[in-house]
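Notes for the one structure printed next.
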Amino acid sequence: MKIEIIFRKWITPSSPTPPHLQSLKISSFDQHGQSHYVPSFYFYPANEEECGVINNAEKSLRLQKSLSEVLTLYYPFAGRYSSDEPLIECNDKGAEYLEAQVAGSLSQLLSDEELETQLQNHFVPPLFDPINSPPLVVQFNRFECGGVAIGVSMTHKMVDAFSAFGFITAWATACRIGIHKASPPSFELGSIFPPRDSFRIENWERKATATNKIVTKRFVFDAVAISNLKAAVSASARNNSSELPKQQITRVKVVAALIWRSCIRVSQAVHGRMRPSIVKFPINLRGKTNLPIPENSCGNFAGWSAPHFMPNDEGEVKIHELVSRIHDGIEQTLSNYAKASSSDEFFIMVMNDFRKLDEALKQTEQQDVYLFSCWCRFPMYEADFGWGKPTLVSRGVQAHKEMILLFDTKDGNGIDAWVSLEEKNMLLFTQDPDLLAFTT
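Here UniProt numbering is used: the first residue of the sequence shown is 1, the next is one more, and so on.
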């Protein structure tokens, strides 16, 4: 499919940012966050009758107007990172807005073969430098069939998944029913966790090389499959004289455990032996501390759990044990953080955990590492701009690093897993019989 940019412009806040808000101190979590941009894509079919007839030109105008309005609430997104100080200059320079024409139909793109290519990555421009680029870029893509795709890219130095979807929800609300109905965020994290110079952390990830091509495949676990998978996990526990509490057997944990086990089996086939492994799993920390942190805090405020797997003499991997390890890892991490009595103590605990984790993750000669990112339970399928909810939400194809991305399916009951692995490992992964039994 050919994608042609029709025009690009800057969208500035509909009213100027007040002088007392024009300099926003970033938090220590943002300061040490990853510098890449995170794209997300929202696909909408041509207008359905109940939505009325809104042509794509009108949709674009509404998006631009509401984006300008919502930037008065998310004013740092129209600013720029300072090159000298740990702050955002909220100078109203604006977010970039592009419109593109796509030669092809949306239904053609949404076939698995097309989705698993890098085509959708072109639905928003790639950005790499948060210092010299706008924090937010939007691209409105029009298909010949009348369907549209909205691509949104935000710097990870300013937002985590919670913040990103908070922005999307506010923007969609403003576009659909008015800015007065949109919920404003809090930008207090920089005051609660002021920037520091004493912590430097490198984020480990396994990247593609000239001889190490990474490919992405999509695996859908529907509600029936997840119900069956939960039953299989419970049966595995009972067969080994164990019992897992129901709160441990969640859809995210059982799917993550199944994927982890498949990866362990792939590694065993490649190395000729079963190797230790670590799963790096994200945790949204809002509402999970004893500190007075607003629930609507915008910025990076996430931690990581890192459950380990050690091979046993039996030479097999029991799925209920992996579920338990994922659950216990998350609970132990949160239990430790709950002991913090001040923001300084909390930040130091989180950063020390990051440091230990990154050191462990670098020991790839002795163990395998699997990075997960989970967007489940975020309101991504509520992004109704006035012409219905998206038929699919995606983060794009990972072309440069290994990663497992977990999303809700549209009905909220299943899980959409996007797995990016080395090409030779993906061939083995897709042949795992247990994976095939639970996915479509």
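Built from N, CA and C at the ideal position, the CB exists for glycine as well.
- Taking 8 Å as the upper bound for CB-CB distance, V419 and T216 are in contact here, some 7 Å apart.
- Per the DSSP secondary-structure output, I150 pairs in a beta bridge with Y42 and F140.
- Selection R395, W304, I278 and A302 evaluated against Q363 yields I278 as nearest (Cα-Cα).
- When DSSP states are grouped into helix, strand and coil, Y381 belongs to the helix group.
- Residue nearest to V138 within the set G412, G272, T440 and Y97 is Y97 (criterion: CA-CA distance).
- Note that the C-beta distance between I259 and V233 is not below 9 Å.
- Taking all protein chains in view, the Cβ of S153 is crowded by 16 or more other Cβ atoms within 10 Å, so the residue is classified as buried.
- DSSP places A223 inside the alpha helix (DSSP H), whose first and last residues are A223 to N239.
- Note on geometry: alpha-carbon atoms of I150 and Y74 lie some 19 Å from one another.
- The C-alpha of N55 lies about 10 Å from the C-alpha of G147.
- With contacts defined as CB atoms closer than 9 Å, K25 and P134 fail to qualify as a contacting pair.
- Shown here, I3 sits in a strand according to DSSP, grouped into three states.
- For C263, same chain residues with a beta-carbon under 6 Å away, outside a window of 5 residues either side, are Y370 in chain order.
- Under the three-pair Cβ rule at 8 Å, the stretch 332–341 counts as touching the stretch 280–294.
- In the three-state scheme derived from DSSP, where H, G and I count as helix and E and B as strand, A172 is classed as helix.
- Ranking F407, G396 and P390 by CA distance to the CA of H122 puts G396 first.
- Counting other Cβ atoms within 10 Å of its Cβ, K253 reaches 16 or more and is therefore classed as buried.
- The beta carbon of P184 is closer than 8 Å to those of L73, A170 and N296 in its chain, skipping five residues each way along the sequence.
- In the structure shown, D416 falls within a strand segment according to DSSP collapsed to helix, strand and coil.
- Taking the Cα positions, R273 is about 8 Å away from S267.
- The alpha-carbon separation between R265 and N413 amounts to approximately 27 Å.
- In the structure shown, M426 adopts helical secondary structure according to DSSP, grouped into three states.
- In this structure, the CA atom of N425 is about 9 Å from the CA atom of A269.
- With contact defined as three or more Cβ pairs closer than 8 Å, the stretch 96–111 and the stretch 20–38 are not in contact.
- Looking at the DSSP output, I88 shares a beta bridge with L24 and Y81.
- In this structure, DSSP gives A103 an extended state, which the three-state scheme calls strand.
- Looking only at Q367, A256 and I319, the smallest Cα-Cα distance to W375 is reached by A256.
- Take T440, set aside five residues on each side of it, and the residues of its chain with a beta-carbon closer than 7 Å to its own are V220 and D222, in chain order.
- DSSP, reduced to helix, strand and coil, places H122 within a helical segment of the structure shown.
- As the crow flies, the alpha-carbon of S14 is around 33 Å from that of L119.
- In summary, I177 is exposed, with fewer than 16 beta-carbon neighbours lying within 10 Å of its beta-carbon over all protein chains present.
- About 11 Å separates the beta carbons of K213 and E402, which is beyond the 8 Å limit, so they are not a contact pair.
- Shown here for H327: same chain residues with a beta carbon closer than 7 Å to its own, the five before and five after excluded, namely Q248 and K253 in chain order.
- Taking the Cα positions, L244 is about 15 Å away from S227.
- Beyond the five residues adjoining it in sequence on each side, E89 comes within less than 6 Å, by CB distance, of G79, R80 and S82 in the same chain, given in chain order.
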